[in-house]
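Heads up: the structure comes next, in structure tokens.
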Amino acid sequence: MNYKAIIFYIGLFVFPLSGLALLNILYSTYFDYFLSIQSYTITFFLTLITGSFFCFYGKNSVKKITFYEQLLLIILVYFISSIFVSLPYYLSNYQITFVDSFFESISGITSTGFSIFENIKYLDPTLILWRSSSQWIGGLYFLIFLIIVFSNNQYNFRLNHLVYTGNMGSFSKSNTKNILLQISLVYSLLTLLIFIILNIGDVRLFNSLNLSMTIISNGGFLPTNSLSQIFLKNNHHFLMISLIIPLLNIFFLLNCFNKKKLIYNHQEDLFLIIFVSILSLILFYSFNNINFSEIVINVVTSVSNSGISFAKSYDGSIIFIFLCIMGGSLISNSSGIKFIRIYILIKTAAAEIIRLVRPNNVFNNTIFYSEKKIDNQMINLSFLVFISFFISIFILSSILVLDKINFENSFKLSILTLTNTTNSTLYGLSDINFANLLSSTKLFLIIFMIIGKIELISVLILFKRIFFKE
Numbered sequence: 000m001n002y003k004a005i006i007f008y009i010g011l012f013v014f015p016l017s018g019l020a021l022l023n024i025l026y027s028t029y030f031d032y033f034l035s036i037q038s039y040t041i042t043f044f045l046t047l048i049t050g051s052f053f054c055f056y057g058k059n060s061v062k063k064i065t066f067y068e069q070l071l072l073i074i075l076v077y078f079i080s081s082i083f084v085s086l087p088y089y090l091s092n093y094q095i096t097f098v099d100s101f102f103e104s105i106s107g108i109t110s111t112g113f114s115i116f117e118n119i120k121y122l123d124p125t126l127i128l129w130r131s132s133s134q135w136i137g138g139l140y141f142l143i144f145l146i147i148v149f150s151n152n153q154y155n156f157r158l159n160h161l162v163y164t165g166n167m168g169s170f171s172k173s174n175t176k177n178i179l180l181q182i183s184l185v186y187s188l189l190t191l192l193i194f195i196i197l198n199i200g201d202v203r204l205f206n207s208l209n210l211s212m213t214i215i216s217n218g219g220f221l222p223t224n225s226l227s228q229i230f231l232k233n234n235h236h237f238l239m240i241s242l243i244i245p246l247l248n249i250f251f252l253l254n255c256f257n258k259k260k261l262i263y264n265h266q267e268d269l270f271l272i273i274f275v276s277i278l279s280l281i282l283f284y285s286f287n288n289i290n291f292s293e294i295v296i297n298v299v300t301s302v303s304n305s306g307i308s309f310a311k312s313y314d315g316s317i318i319f320i321f322l323c324i325m326g327g328s329l330i331s332n333s334s335g336i337k338f339i340r341i342y343i344l345i346k347t348a349a350a351e352i353i354r355l356v357r358p359n360n361v362f363n364n365t366i367f368y369s370e371k372k373i374d375n376q377m378i379n380l381s382f383l384v385f386i387s388f389f390i391s392i393f394i395l396s397s398i399l400v401l402d403k404i405n406f407e408n409s410f411k412l413s414i415l416t417l418t419n420t421t422n423s424t425l426y427g428l429s430d431i432n433f434a435n436l437l438s439s440t441k442l443f444l445i446i447f448m449i450i451g452k453i454e455l456i457s458v459l460i461l462f463k464r465i466f467f468k469e
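Set out below in structure tokens:
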């Protein structure tokens, strides 16, 4: 293992946390929140010193690292970043234990949204901003991992090659900086777009800022106790539009003005929009006394694995739980099995059934009717992800039951953990108090929140490399 290079890259990922801490220092100074400024000052200097030391220590190393080392880097980035993110929680006046602080920070970095806080309105505004910004930086990190690490041709279980990735070509030391800059720029512009949309919808500036960072990362941290305290009945559609943006390929909006490029490169996104539209119409006519915008919000928030919703009851929650499992576009912050892999499995299964009935029938095996065709490797990888996902659910559910959580809630919470979706009334889990869970349960939730981002296959590949060297 090239540990020096790994440490060098960890240092690079620690530096942005200094920027988030500085933002909170400036915010605290401007609005006279001097009681909390000390925790952000400590975090700022610690991240700055640690990042500098790590980069200095590994500056002379060979910067090229293998796929196994990249997987280890991702796991270490999640854990080490979360330690720094947990400091403002731990050093605050709310007497939060380090385990709870770390749990909250991991939930933020992985854009999950599980929270130990029951009443958000009593929180310091700087801490609310810190929670939202931790999700924002976690979403950016994940997109970087998706496009640079998980686009590996040898281990392509993410199947990123099937969708548009910004025409970035092969990755090398010379173009990595350009790739990082492009991802960061697009991500920031989309955040700004959501912020503008929410402001047009008459959402308070502070709430717009926090929500834009949460929504773009498909996170679940809210600046208030519920969405109904932010949105009125007549502006729900602004939230609906905002939630759709991060559901799609991050590069989708870049090609919106080029019709040929949009249709050719984004079949996945176009089919995803069609699926959400048709399902929303079906559910609208199935459920009574729920307006169409709220139905769309419930569908989109589930598919995108955000989980925030206006729902006051959980009729039909099982439908939305299964939508969480599906997930959104491959190159987005959504988790789950992913839409395209489920599409491959369903289309392959349908083809096999048709062959049994009509052996001589010629079946179209293209992906979204494009030039790309479904091969055996894609089928095997999609099925492997599907199986590993449900194995993870079984393991985590078994652990949660030991903490006196009933089987139904354990099953639901396991799915939400692995899809990095916040618990809410929409799924019938809003009454779970994470602060009261056993420390061991929180530890397992932390582990599986990370697995939800990198997938169990990544862990198994890394485990095989470390303990059964090839």
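Each residue of the sequence shown is one higher than the last, beginning at 0 in numbering that gives the first Met the number 0. Ideal placement from N, C-alpha and C gives every residue a C-beta, glycine not left out.
- In three-state DSSP terms, what is T213? For this step, residue 213 is matched to residue 214 along the sequence shown. Per DSSP, reduced to three states, the secondary structure at T213 is helical.
- Quick one: is T190 buried, meaning 16 or more other Cβ sit within 10 Å of its Cβ, or exposed? Mapped onto the sequence shown, residue 190 falls at position 191. It is buried - the Cβ of T190 has at least 16 other Cβ atoms within 10 Å.
- Task: Find out if the Cβ-Cβ distance for the pair S80, F97 is shorter than 8 Å.
- Result: Translated into the one-based positions of the sequence shown, residue 80 becomes position 81. Translated into the one-based positions of the sequence shown, residue 97 becomes position 98. No, they are not a contact pair.
- Cβ neighbours of I296 in the same chain (closer than 8 Å, five flanking residues each side left out): The count along the sequence shown starts at 1 and reaches residue 296 at position 297. Counting only Cβ-Cβ distances below 8 Å, and skipping sequence neighbours, we find H235, L238, M239, L242, S308 and F309.
- Below 6 Å CB to CB, which residues in the same chain sit around T46 once its five sequence neighbours on both sides are set aside? Numbered from its first residue, the sequence shown carries residue 46 at position 47. Contacts found: V13, L16, S17 and F83.
- Round the Cβ separation of N113 and F433 to the nearest angstrom and send it over; I've been treating them as touching at under 8 Å. By one-based count along the sequence shown, residue 113 stands at place 114. By one-based count along the sequence shown, residue 433 stands at place 434. Here the sequence assigns Phe to residue 113, which means Asn is not the residue at that position. About 5 Å; that satisfies the 8 Å criterion.
- Task: Take the Cβ of S169 as the centre, count every other Cβ of all protein chains shown within 10 Å, and call the residue buried at 16 or more, exposed below.
- Result: Counting from 1 along the sequence shown, the entry for residue 169 is found at position 170. Only weak support is given to the placement of S169: the predicted model assigns it a pLDDT of 46, under 50, and the question is left unresolved by the model.
- Item | Nearest-angstrom Cα separation, counted from E267 out to V162 | As a working mapping, residue 162 is identified with position 163 in the sequence shown. As a working mapping, residue 267 is identified with position 268 in the sequence shown. Their Cα atoms are separated by approximately 7 Å.
- Query: Cβ atoms of G326 and L425: under 8 Å apart, would you say?
  - Reply: Numbered from its first residue, the sequence shown carries residue 425 at position 426. Numbered from its first residue, the sequence shown carries residue 326 at position 327. No.
- Do G57 and F7 come within 8 Å of each other at the CB atom, strictly closer than that value? For the purposes of this step, residue 7 is taken as the residue at position 8 of the sequence shown. For the purposes of this step, residue 57 is taken as the residue at position 58 of the sequence shown. Yes, the Cβ-Cβ distance between F7 and G57 is below 8 Å.
- Query: So, V400 versus S409, is the Cβ gap smaller than 8 Å?
  - Reply: For the purposes of this step, residue 400 is taken as residue 401 along the sequence shown, with counting starting at 1. For the purposes of this step, residue 409 is taken as residue 410 along the sequence shown, with counting starting at 1. If you check the CB distance, V400 and S409 come in under 8 Å.
- Query: L455 and S387: beta carbons closer than 8 Å?
  - Reply: Here residue 455 corresponds to residue number 456 of the sequence shown, with the count starting at 1. Here residue 387 corresponds to residue number 388 of the sequence shown, with the count starting at 1. Yes.
- Three-way DSSP call (helix, strand, coil) for T365 in this model: Position 366 of the sequence shown, counting from 1, holds the residue named residue 365. DSSP places T365 in the strand class (E or B) of the three-state scheme.
- Message: With a threshold of 6 Å on Cβ separation, who are the neighbours of S279 within its own chain once the five nearest residues in sequence on each side are excluded?
- Response: Translated into positions along the sequence shown, residue 279 becomes position 280. Answer for S279: I294, V295 and V298, listed in chain order.
- Where does the unbroken alpha helix (DSSP H) through E454 begin, and where does it stop? Within the sequence shown, the letter at position 455 stands for residue 454. Counting along the chain, E454 sits inside no alpha helix (DSSP H), nor does DSSP assign it H or E at all.
- Task: Decide if Q94 is buried, meaning its Cβ has at least 16 other Cβ atoms within 10 Å, or exposed.
- Result: The sequence position of residue 94 within the sequence shown is 95, counting from 1. So Q94 ends up on the exposed side.
- Taking L344 as part of the alpha helix (DSSP H), name the residues at either end of that continuous run. Position 345 of the sequence shown, counting from 1, holds the residue named residue 344. For L344, the uninterrupted alpha helix (DSSP H) run begins and ends at F338 to V356, by DSSP.
- Apart from the five residues just before and just after T420, which ones in its own chain have a Cβ nearer than 6 Å to its Cβ? Position 421 of the sequence shown, counted from the first residue, corresponds to residue 420. Excluding residues within five positions, the ones whose Cβ falls inside 6 Å are N304, G306 and C323.
- Give the secondary structure of I317 by DSSP, where H, G and I count as helix, E and B as strand, and everything else as coil. The sequence position of residue 317 within the sequence shown is 318, counting from 1. Correct three-state label for I317: helix.
- Query: Does the distance from the C-beta atom of T175 to that of S35 stay below 8 Å?
  - Reply: Here residue 175 refers to the residue found at position 176 when the sequence shown is read from its first residue. Here residue 35 refers to the residue found at position 36 when the sequence shown is read from its first residue. No, the Cβ-Cβ distance between T175 and S35 is not below 8 Å.
- Please classify F170: does DSSP put it in a helix, a strand, or coil? Along the sequence shown, one-based indexing puts residue 170 at 171. Any reading at F170 needs caution, since the residue's pLDDT is 47, under 50, leaving its predicted position unreliable; the model's value is listed next. The answer is coil: DSSP assigns F170 none of H, G, I, E or B.
- Query: To the nearest angstrom, how far is it from the Cα of N332 to the Cα of I353?
  - Reply: Residue mapping note: residue 332 aligns to position 333 of the sequence shown, counting from 1. Residue mapping note: residue 353 aligns to position 354 of the sequence shown, counting from 1. Spanning the two alpha carbons is a distance of roughly 35 Å.
- Task: Find out if the Cβ-Cβ distance for the pair I73, V148 is shorter than 8 Å.
- Result: Reading the sequence shown from its first residue, position 74 is the one you call residue 73. Reading the sequence shown from its first residue, position 149 is the one you call residue 148. Yes, the Cβ-Cβ distance between I73 and V148 is below 8 Å.
- Query: Which residues in the same chain have their Cβ closer than 7 Å to the Cβ of F319, if we skip the five residues on either side of it in sequence?
  - Reply: By one-based count along the sequence shown, residue 319 stands at place 320. Within the same chain, F319 has close Cβ partners N297, S301, L425 and Y426.
- Task: Please determine if the region 440-454 and the region 403-418 are in contact, where contact requires at least 3 C-beta pairs separated by less than 8 Å.
- Result: Three or more beta-carbon pairs separated by less than 8 Å link the region 440-454 to the region 403-418, which places the two stretches in contact.
- Task: Assuming Y39 contacts D123 (C-beta within less than 8 Å), just tell me the rounded distance between them.
- Result: Position 40 of the sequence shown, counted from the first residue, corresponds to residue 39. Position 124 of the sequence shown, counted from the first residue, corresponds to residue 123. Not really, about 11 Å apart at Cβ, beyond 8 Å.
- Message: Could you tell me the alpha carbon to alpha carbon distance between L11 and S285, rounded to whole angstroms?
- Response: Locating residue 11 in the sequence shown gives position 12, counting from the first residue. Locating residue 285 in the sequence shown gives position 286, counting from the first residue. Each residue's alpha carbon lies about 50 Å from the other.
- Query: Is the distance from the Cβ of L442 to the Cβ of L428 below 8 Å?
  - Reply: Along the sequence shown, read from residue 1 onward, the residue named residue 442 stands at position 443. Along the sequence shown, read from residue 1 onward, the residue named residue 428 stands at position 429. Between L442 and L428, the CB-CB gap reaches or exceeds 8 Å.
- Going by Cα to Cα distance, which pick from K346, I146 and Q69 is closest to N177? In the sequence shown, the residue the question calls residue 177 occupies position 178. Of the listed residues, the one whose Cα sits closest to N177 is I146.
- Task: Specify the secondary structure class of N224 as computed by DSSP and reduced to three states.
- Result: Locating residue 224 in the sequence shown gives position 225, counting from the first residue. Three-state DSSP puts N224 in coil, outside helix and strand.
- Message: Could you give the first and the last residue of the continuous alpha helix (DSSP H) run that contains E117?
- Response: The residue labelled residue 117 in the question sits at position 118 within the sequence shown. No alpha helix (DSSP H) holds E117; DSSP gives it neither H nor E.
- Item | Classification of K120 by the beta-carbon crowding that lies within 10 angstroms, buried from 16 upward | Start at 1 with the first residue of the sequence shown, and residue 120 comes out as number 121. The residue in question, K120, is exposed, as its Cβ has fewer than 16 Cβ neighbours within 10 Å.
- Task: Would you be able to state if there are at least three C-beta pairs under 8 Å between the region 369-383 and the region 337-345?
- Result: A contact exists between the region 337-345 and the region 369-383.
- Looking at the structure shown, is K3 part of a helix, part of a strand, or coil, going by DSSP? As a position in the sequence shown, residue 3 is number 4, starting the count at 1. DSSP places K3 in helix when its eight states are reduced to three.
- Item | L444 versus T109 - alpha carbon distance | Walking along the sequence shown from the start, residue 444 turns up at place 445. Walking along the sequence shown from the start, residue 109 turns up at place 110. Distance between the alpha carbons of L444 and T109: 12 Å.
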